[in-house]
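Scroll down for the structure; my scribbles are underneath it.
Set out below in C-alpha cells:
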C-alpha cells in the first residue's frame, strides 16, 4: 500500500480563528465539487468521498461500526431526500468501492451490485407499488 505524504502550509492560529470552521465530512457532502461539472460529480464521486471519510475517521477512532453510524447520520442530515435506508446503501456502495480498490475485485456478485447501485441512486422501484 502506498502512502502519500503531502506538505501542508503553516497557518497562524489568528488566521484560523477568523475563518468559519467546516469539518471534512460537511465539506465532502456539501455537493459542491470544485472543478467538476454537475454530471461528473454523481454517485461514484459521492462514494469516493464517503470512502475517504470512512478511512480517515477509522484511523482517528479505531471503531469501524461507530464510524459507519456517524457517516450514515451525516448523510441523512446533509443530503436532500436521503433516508436511513438509502444512507445505508450509499455507505455499502462506498465500502464496496474500497474493496475493489484494495483487492481488485468486487465482494458481491454482479446482480447484488447492480441492485445496490440502483437502490443507492434511487432508480429502483418496488414492483408491488404498480
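Residue numbers (this note's numbering): 4 to 133. The C-beta atom is built at its ideal place from N, Cα and C for all residues, glycine as well.
Beta-carbon proximity list for residue i, same chain, < 7 Å, skipping 5 on both sides
i	result
residue 54	97, 100, 101
Limits of the alpha helix (DSSP H) - the one that residue i falls within
i	result
residue 122	113-123
residue 48	46-64
residue 95	87-106
residue 128	Neither: residue 128 is in no alpha helix (DSSP H) and is coded neither H nor E.
residue 69	67-81
Residues near residue i by beta carbon distance below 8 Å, same chain, minus five either side
i	result
residue 24	Reliability of the predicted coordinates at residue 24 is poor, the pLDDT of 45 falling under 50, and the value obtained from them is presented with this limitation in mind. Result list for residue 24: empty, nothing under 8 Å.
residue 121	127
residue 87	75, 79
Residue i and residue j closer than 9 Å at C-beta
i	j	result
residue 75	residue 94	yes
residue 92	residue 123	yes
residue 73	residue 59	no
Member of the options whose CA lies at the smallest distance from the CA of residue i
i	options	result
residue 89	45, 52, 47, 125	125
residue 50	107, 103, 108, 115	103
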